[in-house]
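Chemist:
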Amino acid sequence: MSERGTEVMLEGLVENLEPVKPIPPLRSVFRMLALIFGVAALVNLLWVGRSLAPLSAWLHPPFWLLLIGLGVTAGGSMLAALTGAIPGRERLARMGRGTAWAGALMASLGGILGLAAADPVVARFPLGITVACAWRACALGAVPAAALCVYLARAFERRPGVAAIFACVGAVTLGSGLVHTSCPSRESLHLLLGHWLAPLGLALLLALPFSLLIRRLGRGSRAGS
Numbered sequence: 000m001s002e003r004g005t006e007v008m009l010e011g012l013v014e015n016l017e018p019v020k021p022i023p024p025l026r027s028v029f030r031m032l033a034l035i036f037g038v039a040a041l042v043n044l045l046w047v048g049r050s051l052a053p054l055s056a057w058l059h060p061p062f063w064l065l066l067i068g069l070g071v072t073a074g075g076s077m078l079a080a081l082t083g084a085i086p087g088r089e090r091l092a093r094m095g096r097g098t099a100w101a102g103a104l105m106a107s108l109g110g111i112l113g114l115a116a117a118d119p120v121v122a123r124f125p126l127g128i129t130v131a132c133a134w135r136a137c138a139l140g141a142v143p144a145a146a147l148c149v150y151l152a153r154a155f156e157r158r159p160g161v162a163a164i165f166a167c168v169g170a171v172t173l174g175s176g177l178v179h180t181s182c183p184s185r186e187s188l189h190l191l192l193g194h195w196l197a198p199l200g201l202a203l204l205l206a207l208p209f210s211l212l213i214r215r216l217g218r219g220s221r222a223g224s
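Numbering-wise, numbering that gives the first Met the number 0 puts 11 at position 12 of the sequence shown, and it's gapless, one number per residue.
(1) Can you find at least 3 beta carbon pairs, one from the segment 97-107 and one from the segment 139-147, that sit closer than 8 Å?
(2) Between leucine 201 and cysteine 137, how many whole angstroms is the CB-CB distance? I'm expecting something under 8 Å.
(3) Could you check if leucine 207 is buried or exposed, using at least 16 other CB atoms within 10 Å of its CB as the buried criterion?
(4) With distances taken between CB atoms, is the gap from leucine 151 to alanine 79 smaller than 9 Å?
(5) State yes or no: is the beta carbon of alanine 52 nearer than 9 Å to at least one beta carbon in chain C?
(6) Straight-line CA distance for leucine 203 to isoleucine 164?
(7) Could you check the C-alpha separation between arginine 215 and threonine 82 for me, to the nearest Å?
(8) Using 9 Å as the threshold, is the C-beta distance between proline 183 and proline 53 below it?
(9) Buried or exposed, going by whether 16 or more other CB atoms sit within 10 Å of the CB of glycine 127?
(10) So, helix, strand or coil for proline 159, using DSSP?
(11) So tryptophan 230 is in the alpha helix (DSSP H); what residue range does that whole segment cover?
(12) Among Gly74, Gly174, Ala141, Leu45, which one has its Cα closest to the Cα of tryptophan 195?
(13) If you compare alpha carbons, which of Ala166, Pro125, Trp134, Leu177 is closest to isoleucine 213?
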C-alpha cells in the first residue's frame, strides 16, 4: 500500500471514531458506595430499632469470624467487580476475586464453628426470623448493587454476568454484615443460614436481572455516545 493510501485509510478511521464518555474514577465510586451504605445502615437501624446485637453474641468468637468473613467477602467482591471493568487493572481484579473466596471460606468456617460450639438450645432454627434477616440483607444491598451495575455498564463491562455476580454478592454481603451486627438472635444455625448462606443465594439470584441491566445500559451508552 502506498504512503498516500495509508494516510487516506488513517484519516477515514479517525473520522469514524465516536466520542467516548469518561467513566468516574474508582475513588469517586467508592465514596458514593460509602454514602449509600451509610444510608443503608441508618435504614437498618430504623428498621430493627436497635444498633447492636446482644453482648453475649459479641463475646462469641465464631460471631466475630463470621462478621469478618462477611466484610472480607464484600470488599473483595466489590473490588473484583469494579476493577474487572477497567483495562490494566487485571491484577487488582484477581486480588479481589481471591479475597472474596477467602472471605467466603472464613464466613462459612465461622458459621460451622458456631454450630459445633452451640448447645441444643442455641442450635434451634427459627424459620421466620431467618427468612426475615435474609430478605433484609438483600434489600439493604439492592441499591448499592444497582449503583455498581450502572457504573459497570458505563465502563462497557465485557463480562456482565460475572461482574453482576461479584457486584451483587459484595453489596448483599455487606448488607448482611449490617444485619449480623443488629440481629437479636443467637441461634447458631440462624446465623449461618440467615446471615450468610441465604443472603448469598439471594445475591446470586439478583445477579441475573442486574446482568441484563448492565447489558441494556451498556448498549444505551454506546448508542448515545
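All residues carry an ideal CB built from backbone N, CA and C; glycine is no exception.
Computed from a predicted model, the values in this text were never measured in an experiment.
Modeler: Here's the rundown:
(1) Because the criterion of three Cβ pairs below 8 Å is not met, the segment 97-107 and the segment 139-147 do not touch.
(2) Numbered from its first residue, the sequence shown carries residue 201 at position 202. Numbered from its first residue, the sequence shown carries residue 137 at position 138. That pair is a contact at about 4 Å.
(3) Stepping through the sequence shown from its first residue, residue 207 is reached at position 208. Around the C-beta of leucine 207, fewer than 16 other C-beta atoms lie within 10 Å, and the residue is accordingly described as exposed.
(4) Taking the sequence shown and counting its residues from 1, the one referred to as residue 151 is at position 152. Taking the sequence shown and counting its residues from 1, the one referred to as residue 79 is at position 80. No, these two residues do not count as a Cβ contact at 9 Å.
(5) Of the chains in the structure shown, none is chain C; there is only one protein chain.
(6) In the sequence shown, the residue the question calls residue 203 occupies position 204. In the sequence shown, the residue the question calls residue 164 occupies position 165. Each residue's alpha carbon lies about 6 Å from the other.
(7) Along the sequence shown, read from residue 1 onward, the residue named residue 215 stands at position 216. Along the sequence shown, read from residue 1 onward, the residue named residue 82 stands at position 83. Arginine 215 and threonine 82 have their C-alpha atoms roughly 20 Å apart.
(8) The residue labelled residue 183 in the question sits at position 184 within the sequence shown. The residue labelled residue 53 in the question sits at position 54 within the sequence shown. For proline 183 and proline 53, yes; Cβs fall inside 9 Å.
(9) Position 128 of the sequence shown, counted from the first residue, corresponds to residue 127. With a threshold of 16 other beta carbon atoms within 10 Å, glycine 127 falls short and is exposed.
(10) Here residue 159 refers to the residue found at position 160 of the sequence shown. For proline 159, the three-state secondary structure derived from DSSP is helix.
(11) This structure cannot speak to residue 230, because the chain is shown only from 0 to 224.
(12) As a working mapping, residue 195 is identified with position 196 in the sequence shown. Considering only alpha carbons, the answer is Gly174.
(13) Mapped onto the sequence shown, residue 213 falls at position 214. Of Ala166, Pro125, Trp134, Leu177, the residue nearest in Cα terms is Ala166.
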